[in-house]
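Residue numbers (the UniProt record's numbering): 1 to 222.
For each residue, glycine too, the CB sits at the ideal point set by N, CA and C.
Owing to the predicted nature of the structure, the values given are computational and were not obtained by experimental measurement.
What follows is a set of notes on a single structure, which appears directly below.
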Ligand SMILES: Cc1cc2nc3c(=O)[nH]c(=O)nc-3n(C[C@H](O)[C@H](O)[C@H](O)COP(=O)(O)O)c2cc1C
């Protein structure tokens with residue numbers, strides 16, 4: 001796969017089929033992850049793949065509760081605004097995200113593979129996110145969809161550590177839990193604010209010197 005296709009079409013692919021992800025594909029996902037940079041090449045990470053249905057089933061109610069808490073705390077304003085003015089463009093985007101996030105909450109037990117990214121001594125997560133993104137790109141190259149999530153580590157870390165046997169006295173931080181599986185839907189190019197609207201040259205606020213309103217990669221089958 002062309003590197004730009006992977007870069008432009010690796011999205012939060014939340015709706016996935018229950019079909020298992022083969023072991024050689026899982027191996028490449030993690031082999032690509034550990035190629036990533038980390039501060040001082042510290043590699044202070046551990047990756048935990050979970051494909052045991054019984055364990056996924058134990059985590060499912062914790063994820064569902066995390067999503068409920070998300071709507072009533074962090075996202076409460078955006079959630080209420082979307083309900084109040086459902087036809088506004090921002091509300092439509094929000095409703096799409098809500099429905100996709102809720103799908104994971106409602107179908108968690110059917111997700112075939114979870115990847116937990118654990119980091120030590122890296123509170124910003126800056127030294128593990130490149131590895132997690134490498135994992136997502138490698139998954140994309142194999143046609144496997146993935147979606148990074150942080151809410152489980154935010155709302156229910158202790159229960160998840162108990163379920164997974166993660167030692168609590170070694171300062172492991174759950175940076176993310178990434179859901180993985182073969183997509184139900186289609187791949188598409190991520191819709192984002194264009195680079196020239198969020199970038200400057202030489203001095204803060206100065207024009208970047210180019211305008212790029214359309215994505216520079218657009219596949220025929222994306
Ligand atoms: C640091 C980080 C934390 C995230 N946490 C969650 C999460 O807890 N739950 C979730 O469903 N998506 C989560 N996401 C996914 C984002 O919502 C998603 O990347 C964003 O909405 C863009 O979606 P798109 O790539 O499909 O356009 C997270 C992404 C990042 C980078």
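Per-residue DSSP class, three states only, for residue i
i           : result
residue 93  : helix
residue 61  : helix
residue 215 : coil
residue 46  : strand
residue 39  : helix
residue 88  : coil
residue 34  : coil
residue 119 : strand
residue 13  : coil
residue 180 : strand
Whether residue i touches residue j by CB criterion (8 Å)
i           : j           : result
residue 176 : residue 146 : no
residue 183 : residue 16  : yes
residue 95  : residue 67  : no
residue 82  : residue 72  : no
residue 105 : residue 168 : no
residue 8   : residue 148 : no
residue 117 : residue 172 : no
residue 160 : residue 30  : no
residue 137 : residue 6   : yes
Euclidean distance between Cα positions of residue i and residue j
i           : j           : result
residue 19  : residue 112 : 6 Å
residue 135 : residue 4   : 16 Å
residue 196 : residue 206 : 10 Å
residue 222 : residue 181 : Reliability of the predicted coordinates at residue 222 is poor, the pLDDT of 44 falling under 50, and the value obtained from them is presented with this limitation in mind. Residue 222 and residue 181: Cα-Cα distance of roughly 18 Å.
residue 129 : residue 43  : 12 Å
residue 115 : residue 218 : 29 Å
residue 88  : residue 79  : 13 Å
residue 228 : residue 48  : Nothing can be reported for residue 228, as the shown portion of the chain is limited to 1 through 222.
residue 50  : residue 56  : 7 Å
residue 98  : residue 27  : 32 Å
residue 77  : residue 37  : 36 Å
residue 166 : residue 58  : 15 Å
residue 174 : residue 162 : 13 Å
residue 156 : residue 70  : 12 Å
residue 12  : residue 143 : 13 Å
residue 2   : residue 188 : 15 Å
residue 100 : residue 25  : 25 Å
residue 84  : residue 74  : 17 Å
residue 52  : residue 110 : 11 Å
residue 121 : residue 35  : 19 Å
residue 213 : residue 158 : 44 Å
residue 194 : residue 86  : 25 Å
Supposed close pair residue i, residue j - CB separation, criterion 8 Å
i           : j           : result
residue 14  : residue 179 : 7 Å
residue 10  : residue 140 : 4 Å
residue 152 : residue 33  : Not really, about 19 Å apart at Cβ, beyond 8 Å.
residue 127 : residue 39  : 5 Å
residue 108 : residue 54  : With a Cβ gap of about 13 Å, residue 108 and residue 54 do not count as contacting.
Worksheet item: Where in the segment 126-177 do unbroken runs of the beta strand (DSSP E), each at least 3 residues long, occur, reported from the N-terminal end onward?
Response: Complete beta strand (DSSP E) runs here, min 3: 145-149.
Item to complete: Could you tell me which uninterrupted alpha helix (DSSP H) segments, each at least 4 residues in length, are contained entirely in the segment 181-206, listed from first to last along the chain?
Response: Here no run is fully enclosed.
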